[in-house]
Structures are given as C-alpha cells and as structure tokens.
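Here's the structure we're looking at; comments come further down.
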Amino acid sequence: MSAFPSVTDKLPRFALAHLPTPLHDLPNLTAHLGGPALFVKRDDETGLATGGNKARKLEFLIAEAKESGADTVITAGSTQSNHARQTAAAAARAGLACHLVLYAPDARPPQRVEGNVLLDTLLGATLHWTDEKAPYVKPLAIVEEEIRAAGKKPHVIPYGGSSALGLMGYVRAMEELAAQTKDQPPFDAVVFATSSGGTQAGMMIGAKVAGLIGKTRLLGISVDMSARTLHDRITQLVREGCQKLGVEWDGAGISKALHINDNYIGGGYAVVGDPEREAIRLLARKEGILADPVYTGRALAGLLDLIRKDIFKKDQRVLFWHTGGSAALFAFEKELLAT
Ligand SMILES: *Cc1c(COP(=O)(O)O)cnc(C)c1O
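All letters in the sequence shown, in the order written, are residues 39 to 377 by the numbering used here.
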C-alpha cells in the first residue's frame, strides 16, 4: 500500500491524507537570511479541508473508531482548533457523525462564524461550547453521555489527536521523510510547532526506527506550554508509542532526543505579536507559502530568531516542518493587519 515499509503497517489505517506531502527548498528565504539551507515539508498540504498535521493522526484514530463500531466521533479543542476542523472532515469521509467541544470564554459561541469555525459548520459538525480548557475531559464526558443516551455509539478522540495511536501518523511521517531523502545527507535539524505533543512524540519514534537519532536534531518550538510540562507529556507518549510498536528505547535515550524550546510563547496561546506577524509575512512574501497565526507562525518566528542568533552553521541543512493551520488566518484579520 505505501511506498515504503512502515513499523505502523500492522495497525489499521483509514487513508485520508494526500501522501507523501511535498518536500522542497526555500531558496529566497535562505538567500534573505544568508543560510543555513532551508527546506520545508508541506504538511499544510495533507488535504482534508485545507490540510494540516492532524490528517496523519486521524488516519489511525478514525480507523480505530470504525473498528469499534462507532457511528459518531467526538473531539475537543480551542475555538480555532485545526484538529477539530480536520476531525469534522475526516468524519464526513468516514461516514460518521461528528460532535466538537470547543472552548470559548463564558462558553458563548463567538459572534463571528469565521476561520475554522466556519469550516466546522460547513463540514456538518455539531458544536458544543465550553469554558473549560484543555484537556477538556469533563465536557467531553458530558457530550459522550448525551450521545449515548440518544442511542448512538460515540467514540472520543483526545484533544489534538495526541494519543499513543494518533502519534503513529508522525511515526509514518518521519519514515516518509527518510524515504524521500534517502539519496541526500540527513537534515541537521527539523524544526516545528509543538503543543499537545503527539506530533513530536511520533517524529521521535519515527526517527529512532529510521536511524536518524544522533544525526537530525528534532526541535519542537512550544506554542503554549512550558518545556518542563511538555517534556513529561512527550516522554510519556513516546513510551506508550514504543510499547505499542515493540520498539526498545530507554529513558535516557528518549530524554537525549527530546528538544523543546519554550522561549517563543510570547503573549500565550493564539496571541499574535510582532514576531509571528513578521514570520508569517516573510514566508508569504519570499516563498508564497502561508503559515498560520497560532502554531506555524510562532514556530517559524522561533526558527528565524535562532538563525539570526547563529545557532545553525551556514552550511547546515534545516527543515521547517509546516504543520498547517492556514484556515485560522481568516479569524485573525485584525492582528495580522496591525503594523
Ligand atoms: C495541532 C497543531 C500543531 C501541534 O501539534 P501537536 O501534535 O498538538 O503538538 C502544530 N501546528 C498546527 C497547525 C496544529 O494544528
């Protein structure tokens, strides 16, 4: 089925994403910064209602929902959750109903139906508003109970799709990258946005099985949580993922491969400041690629800052893994147009 053998092949997968995603260089941005050589992995082009990293996780999560005999999936996220929007699209493809628990201050629906919320609605999801924040355990349980009481069979997908199963999407993604670059030297670093941790945990396990640990540094730029909190969460996810796959990796090895930078959280989750605005404009104007206001804009701002601080050698090769999210641009007009 796939172009490369994957350690995840024994797990059921419901094909959703357009794979492999493109991998290409960023010549204008590289020249503008004077090196290192920059490349991008286009997981903003995974398909599924404007793309993003959750499509890869959902291939495994939706397969599990279908196998369990569910007729409805439920998940949760912030107001402009990309995960919620991609889950709604995945559910539509799989013939499942979709309920989304979304955060809003005072549990009030936002005044304007815009960005991902507009897409959630077009995709046919039922929206439930909560003022509880991640991991949304209680509101998810309440909606699950309501759906069960109505005689349906719900299946809950954790927020961000970050479970031992969801992260398998990024184990495969890293194997996909290894296959795409088998005739090239490995990247010195892969830089990406990290939040609920499944993407980073999956990438780490994928790098382990592809023999990239010690060659390619995987650097997650935290968009909201402290490095300490994320370190514990991702370590746990890596352990659970390895166990599921029968991959041996000791705690010291995991810890050595786990790199998180939490210096770019700025004003907090989804607060667009000067660094994000500059990064989004620069990528758009140099390369014609849209980053997003919440995740990739922040991660790219962090990468630009690290490059300007000469953290990378000029002849190194650095991959920016674009994880999607551009639909949220349309809910941040004011912040993005500010000068
Ligand atoms: C969810 C998301 C991330 C973070 O991925 P995690 O697996 O939650 O760490 C990064 N970028 C975008 C665009 C996202 O939607």
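For every residue, glycine included, the Cβ atom is placed at its ideal position computed from N, Cα and C.
It should be emphasised that the depicted structure is a prediction, and the values quoted were computed from it without experimental measurement.
Mind listing, in chain order, the continuous beta strand (DSSP E) runs of no fewer than 3 residues lying wholly within the segment 54-109? 61-63, 75-80
What is the DSSP secondary structure of threonine 273, reduced to helix, strand or coil? helix
So, does the segment 104-112 touch the segment 254-272, judging by three or more C-beta pairs under 8 Å? no
I think valine 247 touches glutamate 213, with their Cβ atoms under 8 Å apart; what is that distance to the nearest whole Å? 7 Å
Are the CB atoms of leucine 61 and leucine 67 within a distance shorter than 8 Å? no
Name the residue from Gly73, Asp330, Ile298, Gly326 whose alpha carbon lies nearest to the alpha carbon of proline 313. Asp330
DSSP three-state label for isoleucine 195, please. coil
Just to confirm the assignment: which complete beta strand (DSSP E) runs, minimum length 3, are found wholly within the segment 337-376? 355-360
Do glycine 244 and valine 209 have their C-beta atoms closer together than 8 Å? yes
Spatial neighbours of serine 44 within its chain, please: CB distance less than 8 Å, with the 5 preceding and 5 following residues excluded, ordered by chain position. Val209, Arg210, Glu213
On the DSSP letters alone, give me the boundaries of the alpha helix (DSSP H) that serine 293 sits inside. 289-295
Given 7 Å as the limit, tell me if aspartate 343 has its C-beta closer than that to any heavy atom belonging to ligand 1. no
Tell me whether arginine 123 sits in a helix, a strand or coil according to DSSP, three-state version. helix
Sequence-distant residues of its chain with Cβ nearer than 7 Å to asparagine 91 (five each side left out): Asp81, Thr237, Thr361, Gly362
Closest to lysine 190 by CA distance: which of Glu278, Lys79, Ala135 is it? Ala135
Assign aspartate 169 to one of two classes, buried (16 or more other C-beta atoms within 10 Å of its C-beta) or exposed (fewer than that). exposed
May I ask you to verify whether the segment 315-324 touches the segment 177-191, counting CB pairs closer than 8 Å and requiring at least 3? no
Return helix, strand or coil for valine 261, following the three-state DSSP convention. coil
Output needed for alanine 87: all residues of its chain with C-beta closer than 7 Å, excluding positions within five of it in sequence on either side, in chain order. Arg123, Gln124, Ala127, Leu157, Leu161
Methionine 241 versus proline 143 - alpha carbon distance: 33 Å
Express the C-alpha separation of leucine 71 and glycine 252 in angstroms, rounding to a whole number. 26 Å
Mapping DSSP to helix, strand and coil, what is valine 45? coil
Proximity test, glutamine 238 beta-carbon vs ligand 1 heavy atom, cut-off 7 Å: yes
Can the beta-carbon of threonine 59 be found less than 8 Å from the beta-carbon of glutamate 97? no
Alpha carbon to alpha carbon, how far is glycine 73 from glutamate 325? 15 Å
Which whole-angstrom value describes the C-beta separation of alanine 308 and serine 119, a residue pair presumed to lie in contact below a C-beta threshold of 8 Å? Not confirmed; about 10 Å, so no contact.
Limits of the alpha helix (DSSP H) - the one that leucine 140 falls within: First-last for leucine 140: 135-141, but that is the beta strand (DSSP E), not the alpha helix (DSSP H).
Enumerate in chain order the residues of its own chain whose CB-to-CB distance from methionine 39 is below 6 Å, with the five nearest sequence positions on each side excluded. Confidence is the limiting factor: at methionine 39 the pLDDT is only 43, short of 50, which leaves the residue's position unreliable and the question unanswerable from this model.
Looking only at its own chain, which residues have a Cβ that is under 7 Å from the Cβ of leucine 99, when we skip the five neighbours before and after it? Ile195, Gly199, Leu203, Gly204
Let me make sure I understand the geometry here. Which of Glu316, Lys352, Asp343, Glu182 has the alpha-carbon closest to that of leucine 375? Glu316
Check the DSSP bridge columns for asparagine 301 and list the partner residues they point to. Per DSSP, none; premise fails for asparagine 301.
Within 10 angstroms of its Cβ, does glutamate 102 collect 16 or more other Cβ (buried), or is it exposed? buried
Is histidine 121 near ligand 1, in the sense that its beta carbon is under 7 Å from a heavy atom of that ligand? yes
Alpha carbon to alpha carbon, how far is proline 147 from aspartate 226? Give it in angstroms, no decimals. 44 Å
Buried or exposed: which applies to threonine 377, given that a residue is buried once 16 or more other Cβ atoms fall within 10 Å of its Cβ? exposed
Got a sec, what are the start and stop residues for the alpha helix (DSSP H) leucine 328 sits in? Per DSSP, leucine 328 belongs to no alpha helix (DSSP H) and is neither H nor E.
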